[in-house]
Amino acid sequence: MEDVTDLAFRLVCKRQGADMVYTEFVSSEGLIRDIREAVGKLKILDEERPIGIQIYGNRVASMVQAAKIAEAAGPDILDINFGCPSKHVAGSGAGSGLLKTPELMEEITRAVVNAVNIPVTAKTRLGWCDSEITIVEIAKMLESCGIQALTVHGRTRTQKFKGQANWELIGEAKKAVKIPVIGNGDVVSPQDAQKMLQVAGVDAVMIGRGSYGNPWIFKQTKHFLQTGESLALPELDERVEVLLEHLALSILYKGERRGIIEMGKHYGNYFHGVRNVKYLKAHLRELKSYDQIASAIRVFIADFRKSEAMPAAAEVLSV
Ligand SMILES: Cc1cc2nc3c(=O)[nH]c(=O)nc-3n(C[C@H](O)[C@H](O)[C@H](O)COP(=O)(O)O)c2cc1C
Numbered sequence: 001m002e003d004v005t006d007l008a009f010r011l012v013c014k015r016q017g018a019d020m021v022y023t024e025f026v027s028s029e030g031l032i033r034d035i036r037e038a039v040g041k042l043k044i045l046d047e048e049r050p051i052g053i054q055i056y057g058n059r060v061a062s063m064v065q066a067a068k069i070a071e072a073a074g075p076d077i078l079d080i081n082f083g084c085p086s087k088h089v090a091g092s093g094a095g096s097g098l099l100k101t102p103e104l105m106e107e108i109t110r111a112v113v114n115a116v117n118i119p120v121t122a123k124t125r126l127g128w129c130d131s132e133i134t135i136v137e138i139a140k141m142l143e144s145c146g147i148q149a150l151t152v153h154g155r156t157r158t159q160k161f162k163g164q165a166n167w168e169l170i171g172e173a174k175k176a177v178k179i180p181v182i183g184n185g186d187v188v189s190p191q192d193a194q195k196m197l198q199v200a201g202v203d204a205v206m207i208g209r210g211s212y213g214n215p216w217i218f219k220q221t222k223h224f225l226q227t228g229e230s231l232a233l234p235e236l237d238e239r240v241e242v243l244l245e246h247l248a249l250s251i252l253y254k255g256e257r258r259g260i261i262e263m264g265k266h267y268g269n270y271f272h273g274v275r276n277v278k279y280l281k282a283h284l285r286e287l288k289s290y291d292q293i294a295s296a297i298r299v300f301i302a303d304f305r306k307s308e309a310m311p312a313a314a315e316v317l318s319v
């Protein structure tokens, strides 16, 4: 996921039980021009395996060249993004924009499959809009191109991220092909994952936003699917340790300044449900080193615990 699943967050998710992770999508045009931002997204570690690098674009030649560049970075699979709904990407005919031009989607897919020696997979949506649900034909076409697995996000391009993902329609795609189908969209709990597996009959479930500040969702989900037992959310102290591990990795791979700035968007998610966290977030924005941030968070947590231990005003008055 763009700006989310960088190397640091992928490592955190992996350590918390994710079976498979993917890079942010990488622009084929950026890769072939050796643009630093695009090339930087290819950095992967053995600890992450199995890992997919995802590329996007709307020109066959660029996608072929980018696929070879991505393959050289050593991923286990190469994934093609046919799902991004943004104006910038879909509007220029890439990502889910290719749902409007299935012939070009087919040409790109065949060319990429032929260009590399690793498995190629794809991720797409149900169709362009409610009146153009094309996922069954698209799934069959991609399978015929040699795609080895397909992820289906159960929304249309027009929906972007609104409304609810339609898991039944993901199931239609699953029934139409022999390759593994991965279901995606609105899985935010282990119970959701189980329900998606039942409703859509998919081979695997992909969790996106449900992992924000909540990387243990992977371990919890696997445990629930295997045993039927729900694991509790880790205690606040453990959540803080994982957050600090995430921060340390972000600094390690992006440098102190950028690593700290990019962590800014994650803090609130890790403290979901904790009172007054907005003050902490505002304070953290002013801090410039790991040590300062770690100590500010620990002080905040200690204060939070004290306030939890104190009787609420109403209880004091009623004594
Ligand atoms: C901020 C953001 C960035 C995303 N970036 C990507 C991306 O780079 N590649 C991709 O295939 N999907 C991307 N997606 C889509 C998600 O992978 C996923 O399909 C979608 O959020 C629905 O799944 P969820 O409900 O589990 O989040 C992104 C979504 C969001 C919200």
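For the sequence shown, full-length UniProt numbering gives the first residue as 1, with consecutive numbering after it. Think of the CB as a built atom: it goes at the ideal place given N, C-alpha and C, for glycine as much as any other residue. This structure is a prediction, so every number in the text was calculated from the model and none was measured.
Exercise. For the alpha helix (DSSP H) that His266 lies in, which residues bound it at each end?
Worked result: Per DSSP, His266 is one residue of the alpha helix (DSSP H) stretching across 256-270.
Fill in: Closer than 8 Å: Asp291 CB and nearest ligand 1 heavy atom
Flag unset: Cβ of Asp291 not near ligand 1.
Using 8 Å for Cβ pairs, my map puts Ser28 next to Met63. What's the rounded Cβ distance? The beta carbons of Ser28 and Met63 sit about 5 Å from each other, so the pair counts as a contact at 8 Å.
Whole angstroms are fine: how far does the CA of His283 sit from the CA of Ile302? Residue 302 is actually Ala in this sequence, not Ile. Taking the Cα positions, Ala302 is about 16 Å away from His283.
Can you give me the Cβ contacts of Ala248 inside the same chain, cut-off strictly under 7 Å, excluding the 5 residues immediately before and after it? Hits under 7 Å: Tyr290.
### Task
Quick one: residues in its chain with C-beta nearer than 8 Å to the C-beta of Phe304, no 5 flanking neighbours on either side, listed in chain order?
Taking Phe304 as the centre and dropping the five residues before and after it, the same chain places the C-beta of Leu236, Val274, Arg275, Asn276 closer than 8 Å to its C-beta, in chain order.
Exercise for review: Could you pull the start and end residues of the alpha helix (DSSP H) that Tyr279 belongs to?
Suggested key: DSSP places Tyr279 inside the alpha helix (DSSP H), whose first and last residues are 277-284.
Spell out a yes or no on whether the stretch 193-208 and the stretch 165-184 are touching, meaning 3 or more CB-CB pairs, one atom from each, closer than 8 Å. Contact between the stretch 193-208 and the stretch 165-184 is present, because at least three Cβ pairs lie under 8 Å.
- prompt: In chain order, what residues of the same chain lie with their CB nearer than 7 Å to the CB of Phe300, ignoring the 5 residues before and after it?
  reply: By the criterion of a C-beta distance shorter than 7 Å, Phe300 is surrounded in its chain by Leu280, once the five residues flanking it on both sides are discounted.
Requested in this report: May I have the straight-line CA-CA distance separating Asn214 from Ala193, to the nearest angstrom?
Outcome: Between Asn214 and Ala193, the alpha-carbon positions lie close to 15 Å from each other.
Original post:
Under a Cβ-count criterion, where at least 16 other Cβ atoms within 10 Å of its own Cβ denotes burial, should Glu229 be classed as buried or exposed?
Top reply: Label assigned to Glu229: exposed.
| said: Any contact between the stretch 240-260 and the stretch 219-227? By contact I mean 3 or more CB pairs, one from each, below 8 Å. | reply: Output reads no: the stretch 219-227 does not touch the stretch 240-260.
Sorted by chain position, which residues of the same chain lie with C-beta nearer than 6 Å to Arg10's C-beta, five sequence neighbours on each side aside? Cβ neighbours of Arg10 beyond the five flanking positions: Val21, Glu48.
Straight-line gap, Gln148 to Phe218 (C-alpha atoms, nearest Å): Straight-line Cα distance between these residues: approximately 23 Å.
- Task: Report all residues from its chain with a CB closer than 7 Å to the CB of Met141; omit the five preceding and five following residues, and keep chain order.
- Result: Within the same chain, Met141 has close Cβ partners Pro102, Glu106.
List the DSSP bridge partners of Ile77.
Partner(s): Gly52.
For this session: Select from Leu98, Pro50, Ile251, Pro75 the residue whose C-alpha is nearest the C-alpha of Asn117.
Result: Of Leu98, Pro50, Ile251, Pro75, the residue nearest in Cα terms is Pro75.
Notebook entry, point to check: Is DSSP giving Glu315 helix, strand or coil here?
Noted result: Low confidence applies to Glu315: its pLDDT is 44, below 50, so where it sits in the model is not reliable, and the reading given next is rough at best. In the structure shown, the three-state DSSP call for Glu315 is helix.
Excluding the five sequence neighbours on either side, which residues of its own chain have a C-beta within less than 7 Å of the C-beta of Gln159, listed in chain order? Excluding residues within five positions, none has a Cβ falling inside 7 Å.
### Query
Could you give the distance in angstroms between the alpha-carbon of Ser307 and the alpha-carbon of Arg298?
When only Cα atoms are considered, Ser307 and Arg298 end up about 14 Å apart.
- Query: Is Phe161 near ligand 1, in the sense that its beta carbon is under 8 Å from a heavy atom of that ligand?
  - Reply: With a cut-off of 8 Å, the C-beta of Phe161 is classified as near ligand 1, since at least one heavy atom of the ligand falls inside that distance.
Run the proximity test for Met1: is its beta-carbon closer than 8 Å to any non-hydrogen atom belonging to ligand 1?
The answer is yes for Met1.
Notebook entry, point to check: If you scan the stretch 160-185 from start to end, which runs of the alpha helix (DSSP H) of 4 or more residues do you find wholly inside it?
Noted result: Taking only runs of at least 4 residues, the alpha helix (DSSP H) segments lying wholly in the stretch 160-185 are 167-176.
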